[in-house]
Amino acid sequence: MTEDNRFLQVYDLLYRFFGPQEWWPGDTRFEVVVGAVLTQNTNWSNVSKAINNIKNNGLLSFEALLALPIDDLATLIRPSGYFNIKARRLKNLLLMIEQRYQGQLDLLLQDHLMTGRMNLLSVQGVGPETADSILLYAGNHPIFVVDAYTHRIFSRHQLLADECDYDSIQESFMSALPLESALFNEYHALIVRLGKEYCRKSKPRCECCPLNGV
DNA sequence: CACCAGGCAAGTA
DNA sequence: TACTTGCATGGT
Numbered sequence: 031m032t033e034d035n036r037f038l039q040v041y042d043l044l045y046r047f048f049g050p051q052e053w054w055p056g057d058t059r060f061e062v063v064v065g066a067v068l069t070q071n072t073n074w075s076n077v078s079k080a081i082n083n084i085k086n087n088g089l090l091s092f093e094a095l096l097a098l099p100i101d102d103l104a105t106l107i108r109p110s111g112y113f114n115i116k117a118r119r120l121k122n123l124l125l126m127i128e129q130r131y132q133g134q135l136d137l138l139l140q141d142h143l144m145t146g147r148m149n150l151l152s153v154q155g156v157g158p159e160t161a162d163s164i165l166l167y168a169g170n171h172p173i174f175v176v177d178a179y180t181h182r183i184f185s186r187h188q189l190l191a192d193e194c195d196y197d198s199i200q201e202s203f204m205s206a207l208p209l210e211s212a213l214f215n216e217y218h219a220l221i222v223r224l225g226k227e228y229c230r231k232s233k234p235r236c237e238c239c240p241l242n243g244v
């Protein structure tokens with residue numbers, strides 16, 4: 031190997047440092063989809079409470095949530111924050127699946143990757159990170175999920191330019207790495223783990239960051 | 001007390 | 001096109 035592939039080097043380093051992260055938490059594909067919307071700008075412990083509220087009421091299924099009045103859904107997901115807007119976003123997503131995929135999540139997940147992605151992005155409230163999280167973690171598609179940590183960590187370590195947008199960051203990773211869902215799954219989870227523990231927004235730089243020296 | 005979390009869309013100039 | 005603001009709970 032003569033190529034200087036820092037993206038792969040960082041992955042190997044993080045995997046050795048943290049080990050496997052076992053993402054995405056959730057028992058079913060549908061639960062992953064719900065979690066993907068609820069976790070927008072919100073920490074997972076709050077999302078977990080919201081999902082448990084849905085489960086405890088026996089409502090964690092496509093049909094049950096589609097039939098549930100929006101205000102009732104908002105009440106259930108209250109702990110996840112932004113509960114009114116997230117209830118609307120979940121409903122929008124379920125309606126798209128109802129209209130374009132006969133109400134079958136699996137048909138969306140089995141559709142051609144870029145067709146499914148476009149349909150997800152057409153939903154009000156589903157942006158690129160939410161769409162890609164669904165495609166990767168529920169659909170097992172090889173697409174790289176970019177988040178705020180990805181930008182912060184890699185720009186701080188000068189592996190990405192500060193002004194990169196979502197699509198350009200995603201392209202940087204996907205052109206440098208083998209297109210394997212298992213790799214993208216673990217890599218994104220490792221980035222979130224690193225960000226939480228070593229790359230907080232308020233801290234200018236972390237002396238003990240495992241990436242120092244890469 | 002301030003700050004932030006596994007974003008996104010609408011409003012403004 | 002490029003900023004800014006609203007959305008909102010719960011943990012540190």
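So for the first sequence, this note's numbering puts the first residue at 31; every next one is plus one.
Note that CB positions come from ideal geometry on N, CA and C, so glycine has one too.
This one's a predicted model, so the numbers in the text were calculated from it and none came from an experiment.
Minimum C-alpha distance to residue i - residue among the options
i, options, result
"glutamine 132", "Val63, Ile164 and Glu93", "Glu93"
"alanine 206", "Thr160, Arg223 and Ile173", "Ile173"
"lysine 85", "Leu68, Asn71, Leu96 and Glu61", "Glu61"
"histidine 187", "Gln154, Gly225 and Glu201", "Gly225"
"leucine 90", "Ser110, Leu150, Gly65 and Thr69", "Gly65"
"leucine 139", "Gly88, Ser110, Asp162 and Asn87", "Asp162"
"asparagine 76", "Val67, Ser110, Leu98 and Leu96", "Ser110"
Same chain, Cβ closer than 8 Å to residue i, five either side skipped, listed in chain order
i, result
"isoleucine 100", "Ala117, Arg118 and Lys121"
Straight-line gap, residue i to residue j (C-alpha atoms, nearest Å)
i, j, result
"isoleucine 221", "aspartate 195", "17 Å"
"aspartate 42", "glutamate 128", "41 Å"
"cysteine 239", "arginine 147", "34 Å"
"histidine 181", "serine 198", "11 Å"
"valine 247", "asparagine 82", "Shown here, the chain extends from 31 to 244; a query on residue 247 therefore has no answer."
"tryptophan 53", "tyrosine 167", "8 Å"
"lysine 231", "phenylalanine 184", "13 Å"
"proline 208", "asparagine 170", "15 Å"
"phenylalanine 37", "tyrosine 179", "15 Å"
"valine 63", "glutamine 134", "13 Å"
Cβ-based neighbour list, residue i, same chain, cut-off 7 Å, excluding 5 preceding and 5 following
i, result
"phenylalanine 113", "Ala104 and Ile107"
"alanine 219", "Gln51 and Trp53"
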